[in-house]
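Okay, so here's the structure we're looking at.
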Amino acid sequence: MGSFGGAESFSIKLGKATNILALGKAFPKQLVMQDLLVDGYFRNTNCTDPDLKKKLARLCKTTTVKTRYLVMCDEILQNHPELARDGQATLRQRLEISNEAVTEMAVEASRSCVKAWGRPFAAITHLVYVSSSEARFPSGDLHLARALRLNPDVSRIMLSFTGCSGGVAGLRVAKDIAENNPGSRVLLATSETTIVGFRPPNPHRPYDLVGAALFGDGAGAVVLGTDPIPGAETPMFELSSAIQQYLPDTDKTIQGELTEEGISFLLGRELPLVIEDHVEAFCEKLVMKGARGESHDVNYNDMFWAMHPGGPAILNKVESRLRLCPDKLNASRQALRDYGNASSNTIIYVLENIIEESRKKKESGESDYCEWGLILAFGPGITFEGILARNLMQKNTKRKRCPRKHSSLRRPPPSPSPSAIALGEIVPSPFSSVVPPPSSSLFLCCSSDMPQYSSINDTDTVDEGGFNVSVWPDEIEERFIYIMEAEVNKGNRTSTTFSKPAWRAIEETLNGQTKRNYTYTQLRNKFNQLRTRQKDFANLIKETGVRWNPVTGSVSATDEVWERLYKVYKSAKRFRKKGCPLFNKLCVIYGDTTASDFCQHISNNNPLDTDDREEIDGISLEASFNEQSGGTGVLSAVPIRSQSFNPSSSRRGKRNSFSTLQTSSLTSPGENSKKKSDTTEKKMTVTPSPSKSTSESGSTLKKIIVESMQALNALEGIDGVAYSKAVERFHEDYMWMELFLQMTEDRKKDWVLNIK
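As numbered in UniProt numbering, residues 1 to 756 make up the sequence shown, in order.
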């Protein structure tokens, strides 16, 4: 198959087509991590259905989404608890919240975009506004124009309820406006929130779980126009030709109905197959329009692809049908991972990812890039939207700073609220280092002393061992740690550092997610600084009198002990104040398997997944090194409420022995019951006997422990909290294990589920 034709093959004369001149985006400050979603969502909605919970957990993994931003927060649920109850007429409340939120996000995305464009709002002549998340008169386009203080004579139009195809539809409409109004500058804004469709789980509405697992909130903005002003405007993409097409008799495949309870969605299972069956013909039609109807032998792998990522199944089907190379949809997959399906906004995030890829190729001197490509989206109807576009970023020899740096929002850590979230259920802000107090909430209360939507501050520069602390705020440092751990789990760590490709991947991922420009040197400096911190903390928690909680990463000791530690460890004051919340991840990154059993797993294995975190989240552990073990460094982890006991007791040996077992059984990620039992048996074999009484009864106790844990692991329908309570009860007195083994299967399950 031949290569795609050059610029001369297309009908619109270059320089007269519409150009994308700037991009921007904005998000609510509420970040929700996908692997921490399930428990909090079910608790917030007071749902106890174990089957629905398992289904959502599976969906959360299959969507490939890692992080999303949401307007919904703890404060909203506190003020409107009816939103989390079935059968409540809440449309008015939802629209009041949504109408305000989408306008605020659109305002911030537009400001970010216009700032990157470099010209004033007064130069905007037309406004196209897209949203499926509001309903009011006057419509959102007027509210946005007023908030931006656009000229009263700006021509406005709003596209409502276009769903996932709305972003490309907005580009198509803006393109038509720009080409029919010479000298015009069109501002396209998109803004969406899922709050109108937020509902509790219900077995009669399975698609609600898809929405909970897939969709996110945010806004996007684009400035478009023809004939860019040299020196004042830098075109990024040229939009050559655009088409729209709906598929007859498919209108029920994607449905949405506005009811008194909000908006109810229905997504047919056949959607990926329908798209697969028609996407090739649609792309051929789009290319032919750009080529003045002339036939061309097109190799789609010679083109770039900006496709709205409706979900992983759609991406996979399109990739398969068009025989695309695996990297062709990377920009779409990255947008899905970082933001979820944000409806009409998502195509703007995809375009920004492509711009970033082009910028990096240009800076590295690579000449292998795709000049022409397709911008695609699929929405209700089923409606196909497509634009044949030209990537101009490689062509520009001089240009302004990439607008990506201005196009996101700072999401500062909010003040801890009384109802801050339970560990393992939500995070207070993007990878914040603040350890919140426990609660049952999924969402964080928005801090009242800071705006919910704000622009990023680009004046930060570098500290901490070489940088200014503002350039490495806690949330970015923790994001850096997560990214490094992911590379370790891929097997990309050498003996002491990462491979060169891994460092490039880390740099690209961190800069892409934080919208900053950390250099390789800065990353290596931070890497070495974190190595020192990990070593110091590993040594500190071995000190006599120091107790470490591996769940929160905090340490405690008496004032006398701290005074001694201050003289030995330069970072002791930091550890006393903050602990080391991600110490277990640092152990993985730097290959330290001596600090604690809690942190150990082979570097190429996955860290704790969602199911395993459920097991450890329900119990608070406090760890100290067993001084009775002859300095072997065996970690003893026990429940905090059971930490005080008589050292001379004859049962101390059994307790300490079982403490190590408990740590092992709770930190065997993704293992089946047999493997957990094997781990248990191995631990019982290698753990030193702290007392004579343990040696005498070790064989019997070992047998009871192994059989009890095998029986517990075999039970179905037991969540992490109940599992942990059972382990804790076993820990209190091994007689519970003997009784447990004598129960019938039904009684065992009843007992576990009813432990107080």
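In this text, a Cβ means the ideal position worked out from N, Cα and C, and glycines have one as well.
Note that the structure is predicted; figures quoted are calculated from it, not measured.
| Item | Value |
| --- | --- |
| Exposed unless 16 or more other CB atoms sit within 10 angstroms - verdict on Ala335 | buried |
| Residue of Phe537, Phe282, Ile704 and Glu477 minimising C-alpha distance to Lys570 | Phe537 |
| Top-ranked residue by Cα proximity to Lys515, from Phe527, Tyr369 and Tyr349 | Tyr349 |
| DSSP state of Gln255 mapped onto helix, strand, coil | strand |
| Three-way DSSP call (helix, strand, coil) for Leu247 in this model | coil |
| Secondary structure of Lys25, DSSP reduced to three states | strand |
| Residue from Gln513, Lys748 and Leu374 whose Cα sits closest to the Cα of Leu715 | Lys748 |
| The beta strand (DSSP E) enclosing Asn391, as first and last residue numbers | Thr383 to Asn391 |
| Residues that DSSP places opposite Phe378 in a beta bridge | Phe384 |
| Chain B within 9 Å of Phe198, Cβ atoms only | Of the chains in the structure shown, none is chain B; there is only one protein chain. |
| Integer-rounded CB distance, given that Ala377 should sit under 8 Å from Gly167 | 6 Å |
| Sequence-distant residues of the same chain with beta carbon closer than 8 Å to Pro203, five excluded per side | Asp49, Asp51 and Leu52 |
| DSSP-derived helix/strand/coil call for Trp472 | coil |
| Local Cβ density within 10 Å of Pro380, reported as buried at 16 or more and exposed below that | buried |
| Tyr520 burial status per 10 Å Cβ neighbour count (16 or more: buried) | exposed |
| Touch test, the region 38-46 against the region 221-239, Cβ-Cβ under 8 Å, three pairs minimum | no |
| Neighbour-count burial assignment, Tyr339, 16 or more Cβ in a 10 Å radius | buried |
| Three-state class that DSSP yields for Gln88 in the structure shown | coil |
| Through-space distance from Lys317 to Thr62, alpha-carbon basis | 15 Å |
| Inter-residue Cα distance where the pair is Lys360 and Gln513 | 15 Å |
| Identity of the residue in Leu70, Gln534 and Glu507 nearest Ala219 by Cα | Leu70 |
| Cα-Cα separation, Ala145 to Met393 | 30 Å |
| Runs of beta strand (DSSP E) lying entirely within the region 179-254, each at least 3 residues, in chain order | 185-192, 218-225 and 237-246 |
| N- and C-terminal bounds of the alpha helix (DSSP H) containing Met735 | Met735 to Gln742 |
| Rounded Cβ spacing between Leu77 and Gln93 (contact assumed at less than 8 Å) | Between Gln93 and Leu77 the Cβ distance is about 11 Å, and since that is not below 8 Å, they are no contact. |
| Leu582: first and last residue of the uninterrupted alpha helix (DSSP H) it sits in | Leu582 -> no alpha helix (DSSP H), and no H or E assigned at all. |
| Beta strand (DSSP E) segment containing Gly262, residue limits | Gly262 to Leu267 |
| Ala101, DSSP secondary structure in three states | helix |
| Best match in Phe137, Met735, Glu738 and Val727 for proximity to Leu753 [C-alpha to C-alpha] | Val727 |
| Outcome for Ile541 when other beta-carbon atoms lying within 10 angstroms are tallied against a minimum of 16 | buried |
| At least three beta-carbon pairs within less than 8 Å, the region 159-175 to the region 94-110 | no |
| For Thr521, the first and last residue of its enclosing alpha helix (DSSP H) | Tyr520 to Leu540 |
| Asn19 - DSSP class collapsed to helix/strand/coil | strand |
| At least three beta-carbon pairs within less than 8 Å, the region 176-188 to the region 26-37 | no |
| Nearest to Lys252 (by Cα), restricted to the options Ile755, Ile243 and Val274 | Val274 |
| Euclidean distance between Cα positions of Thr90 and Glu260 | 6 Å |
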